[in-house]
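Chain order of the listed sequences is D and X. For the first sequence, this note's numbering begins at 18 and goes up steadily by one. For the second sequence, this note's numbering begins at 18 and goes up steadily by one. Glycine included, each C-beta is placed from N, C-alpha and C at the ideal position. Keep in mind that this is a model prediction, so the values were computed, not measured. Read through the structure below, which is laid out as structure tokens, and then see the notes.
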Amino acid sequence: MSEKRKARETEKSSQKKEIPGGGKWVVLPCNGLDKEAGALAREMALHITKGGGNLICPVLYGRNPSRYECELAGGPLLVIDGCKTGCASKLARERGLKIARRLNVREMLKEMGIKGGKAPVPDPDNLSRLISSLQGLEREWEEKEVEPSPGLFTSPVELREFMMEKFVFKVPISGYFFNENDCWARVEGTRARLGVSDYVQQSASDMVFFEPPAVGTEIDIFDEAGSLESTKTALDIISPVSGKVVAINDELVEAPELINQDPYVRGWAVELELADFKGDSELLMDCDRYFSYLKDKVEREFDEKYGR
Amino acid sequence: MSEKKVYVIPCSGIGKASASAGREATYRVVEELMPERCETLCLGLLTTGDEEACGKVRDNIVVAIDGCAKDCARKNVEAAGKTPEIAHRVQDYLKKRKDLKPEAVLDIGEGGRKLVEVMSRELAAEIEGLLEGGD
Numbered sequence: 018m019s020e021k022r023k024a025r026e027t028e029k030s031s032q033k034k035e036i037p038g039g040g041k042w043v044v045l046p047c048n049g050l051d052k053e054a055g056a057l058a059r060e061m062a063l064h065i066t067k068g069g070g071n072l073i074c075p076v077l078y079g080r081n082p083s084r085y086e087c088e089l090a091g092g093p094l095l096v097i098d099g100c101k102t103g104c105a106s107k108l109a110r111e112r113g114l115k116i117a118r119r120l121n122v123r124e125m126l127k128e129m130g131i132k133g134g135k136a137p138v139p140d141p142d143n144l145s146r147l148i149s150s151l152q153g154l155e156r157e158w159e160e161k162e163v164e165p166s167p168g169l170f171t172s173p174v175e176l177r178e179f180m181m182e183k184f185v186f187k188v189p190i191s192g193y194f195f196n197e198n199d200c201w202a203r204v205e206g207t208r209a210r211l212g213v214s215d216y217v218q219q220s221a222s223d224m225v226f227f228e229p230p231a232v233g234t235e236i237d238i239f240d241e242a243g244s245l246e247s248t249k250t251a252l253d254i255i256s257p258v259s260g261k262v263v264a265i266n267d268e269l270v271e272a273p274e275l276i277n278q279d280p281y282v283r284g285w286a287v288e289l290e291l292a293d294f295k296g297d298s299e300l301l302m303d304c305d306r307y308f309s310y311l312k313d314k315v316e317r318e319f320d321e322k323y324g325r
Numbered sequence: 018m019s020e021k022k023v024y025v026i027p028c029s030g031i032g033k034a035s036a037s038a039g040r041e042a043t044y045r046v047v048e049e050l051m052p053e054r055c056e057t058l059c060l061g062l063l064t065t066g067d068e069e070a071c072g073k074v075r076d077n078i079v080v081a082i083d084g085c086a087k088d089c090a091r092k093n094v095e096a097a098g099k100t101p102e103i104a105h106r107v108q109d110y111l112k113k114r115k116d117l118k119p120e121a122v123l124d125i126g127e128g129g130r131k132l133v134e135v136m137s138r139e140l141a142a143e144i145e146g147l148l149e150g151g152d
């Protein structure tokens, strides 16, 4: 394991210890300014999403709802209100959002026997107590039924290509990230679909078998995320990202040839809830870089094979 | 001197360190530097159209502090029917003091804290000048 990777793992584990509620929630807090309870709502939201998940700015969402479409599709919604006015809940209701869990800081403080201050400045001790009370949040999230996100991965994928002898190799123009194992991750919101590139399907020839991982499996970057067998070879899907398997492509289990027919869309293998895409992406190639990388690789292979 | 109240309204400060600095500067002004004249008001109340909050901004002096070019604070005050007397972005202060960069949303760091000090003092002076000028 590289030093950089070790450092990232250490950082991730320390974050998990630091944030009991540490989450994969999509969190919509109130703006949090009027009184201490409001300011604490915002601080709690920042802490919960520090270890993962998405944070929705209520003000920006109020003015521009389309800004957060992807994020809102990425997980269950946790709404945090600061006071009894319940602006965040009100906003969620007005926009027709499904609220999975609701917290009210004023009520939480009351249950703890704490009277929130009138000043809009969060008391660090009160924040610590509130954060400690979130122990159950992560477990609640894990117990939730996970399923493919409706509305994600539906946009058309544009491809560009290069030709080598009689072979044409296709690579998406954007939205995909590749590792050097020619496996891709299509990332939208907090989710990613994984698969293998057009180059793999051409090299391996007709796919005849796909063995997926179990839903719920935690996969680290560069771990195996299922295996494939073709008429020529057997290979593993090496995951370009880390996360938890939330869905597999049942259609691919039934018809592995989808990888040959449509490697970047219908040929997806596994869907993950991402754990640390920001960190993982440092080790990946975007579409432009992969296009150049693949072109060089194919040229070298042809030179070696045909002595060009 | 104007007798109106001054509402200092920062954006929510979610997602950007500069916006967190804007909120910190607001706290400093309303809690420590000018508590007798300044208050803050939750932007969420304006977003959801709370009548009492909209009335307060229409009838008083408003200072909008934004953390990015989206200008959520200024725009929501305007949507409530008021043009803020003073509107600043944190970046306006940062441009003049590039060494005082806020580090992260949860902890703006030493540079961020110094920037908050500078911002809040300049803001308080600007508000004082505005109040002395009268209505």
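Taking contact to mean at least 3 C-beta pairs separated by less than 8 Å, is the stretch 62-80 of chain D in contact with the stretch 27-37 of chain X?
-> yes
Taking the alpha-carbon positions, what's the Tyr-281 (chain D) to Ile-236 (chain D) distance?
-> 21 Å
Touch check for the stretch 274-289 of chain D and the stretch 239-254 of chain D: three-plus C-beta pairs under 8 Å?
-> yes
Counting only beta-carbon atoms, is Lys-312 (chain D) nearer than 7 Å to chain X?
-> no
Name the chain D residues that come within less than 7 Å of Thr-57 (chain X), Cβ to Cβ?
-> Leu-50 and Pro-137
CB of Phe-179 (chain D) within 7 Å of CB of Phe-186 (chain D), strictly = yes
According to DSSP, is Ser-244 (chain D) helix, strand or coil?
-> strand
Assuming Asp-215 (chain D) contacts Thr-248 (chain D) under a Cβ cut-off of 8 Å, what Cβ separation, rounded to an integer in Å, is found between them?
-> Contact flag wrong, Cβ pair sits at about 17 Å.
Positions along the stretch 99-130 of chain X whose CB lies within less than 9 Å of some CB in chain A = This model lacks chain A altogether; the protein chains it does include are D and X.
Measure the C-alpha to C-alpha separation of Val-315 (chain D) and Gly-68 (chain D) and round it to an integer number of angstroms.
-> 40 Å
The stretch 85-92 of chain D / the stretch 94-110 of chain X touching (three or more Cβ pairs under 8 Å) | Taking 8 Å as the limit for Cβ pairs, the verdict is that the stretch 94-110 of chain X does not touch the stretch 85-92 of chain D.
Kindly list the residues whose CB is nearer than 6 Å to the CB of Tyr-193 (chain D), restricted to its own chain and excluding five residues on each side of it in sequence; keep chain order.
-> Trp-201, Arg-203 and Cys-304
Per DSSP, what kind of secondary structure is Met-51 (chain X) in: helix, strand or coil?
-> coil
Under 7 Å between C-beta atoms of Lys-46 (chain D) and Ala-105 (chain D) | Residue 46 (chain D) is actually Pro in this sequence, not Lys. It is a contact, given that the beta carbons lie within the stated cut-off.
When DSSP labels each residue in this structure, what does Arg-336 (chain D) get in the three-state scheme?
-> Only positions 18 to 325 of chain D appear in this structure, which leaves residue 336 (chain D) out of reach.
Check whether the Cβ of Val-76 (chain D) lies closer than 7 Å to any Cβ atom in chain X.
-> yes
Which chain D residues are close to Asn-77 (chain X), counting only those with a beta carbon under 8 Å from its beta carbon?
-> Correct list: empty, because the minimum Cβ distance to chain D is about 16 Å.
Alpha helix (DSSP H) containing Cys-89 (chain X): first to last residue?
-> 89-96
Could you tell me whether the Cβ atoms of Gly-99 (chain D) and Trp-42 (chain D) are closer together than 7 Å?
-> no
Establish whether the CB of Gly-61 (chain X) and some CB of chain D are separated by less than 7 Å.
-> yes
Indicate whether at least one CB of chain D lies closer than 7 Å to the CB of Leu-140 (chain X).
-> no
For the stretch 53-70 of chain D, enumerate the residues whose C-beta is nearer than 9 Å to any C-beta of chain X, in chain order.
-> Correct list: Gly-55, Ala-56, Arg-59, Glu-60, Ala-62, Leu-63, His-64 and Lys-67.
Within 10 angstroms of its Cβ, does Glu-41 (chain X) collect 16 or more other Cβ (buried), or is it exposed?
-> buried
So, using beta-carbon positions, are Leu-132 (chain X) and Ala-38 (chain X) closer together than 7 Å?
-> At a Cβ-Cβ threshold of 7 Å, Leu-132 (chain X) and Ala-38 (chain X) count as neighbours.
Neighbour list for Thr-102 (chain D) in chain X, Cβ cutoff strictly below 9 Å = Contact annotation for Thr-102 (chain D) against chain X: Cys-59, Gly-61, Leu-62, Thr-65 and Asp-67 [CB-CB distance below 9 Å, chain order].
In whole angstroms, what separates the C-alpha of Gly-39 (chain D) from that of Glu-318 (chain D)?
-> Model confidence at Gly-39 (chain D) stands at a pLDDT of 40, short of 50, so the residue's coordinates are unreliable; what they give is reported in the following sentence. Cα-Cα distance, rounded: 46 Å.
Apart from the five residues on each side of it in sequence, which residues of its chain come closer than 6 Å, Cβ to Cβ, to Lys-33 (chain X)?
-> Gly-84 and Cys-85
Applying a beta-carbon distance threshold of less than 9 Å, which residues of chain X neighbour Arg-80 (chain D)?
-> Thr-64, Lys-87, Cys-89, Lys-92, Asn-93 and Ala-96
Between the stretch 44-63 of chain D and the stretch 137-147 of chain D, do three or more beta carbon pairs fall short of 8 Å?
-> Using a C-beta cut-off of 8 Å, the stretch 44-63 of chain D makes contact with the stretch 137-147 of chain D, since at least three inter-stretch Cβ pairs fall below that distance.
List the whole-angstrom C-beta distance separating Leu-63 (chain X) from Val-94 (chain X), where the pair is believed to meet the contact cut-off of C-beta under 8 Å.
-> 7 Å
Segment limits, beta strand (DSSP E) that includes Asp-279 (chain D) = Segment: none, Asp-279 (chain D) is in no beta strand (DSSP E) and carries neither H nor E.
Under the three-state reduction of DSSP, which class applies to Thr-64 (chain X): helix, strand or coil?
-> helix
Ala-264 (chain D) lies in the beta strand (DSSP E); which residues open and close that run?
-> 260-265
Which term fits Thr-250 (chain D), buried or exposed, when burial requires 16 or more other beta carbons within 10 angstroms of its beta carbon?
-> exposed
Sheet register partners of Val-96 (chain D) (DSSP bridge) = D:Leu-45 and D:Arg-119
Might you give, ordered along the chain, the residues of its own chain that have their beta carbon closer than 7 Å to the beta carbon of Asn-198 (chain D), omitting 5 neighbours on each side?
-> Once the five neighbours on either side are set aside, the close Cβ partners of Asn-198 (chain D) are Ile-255.
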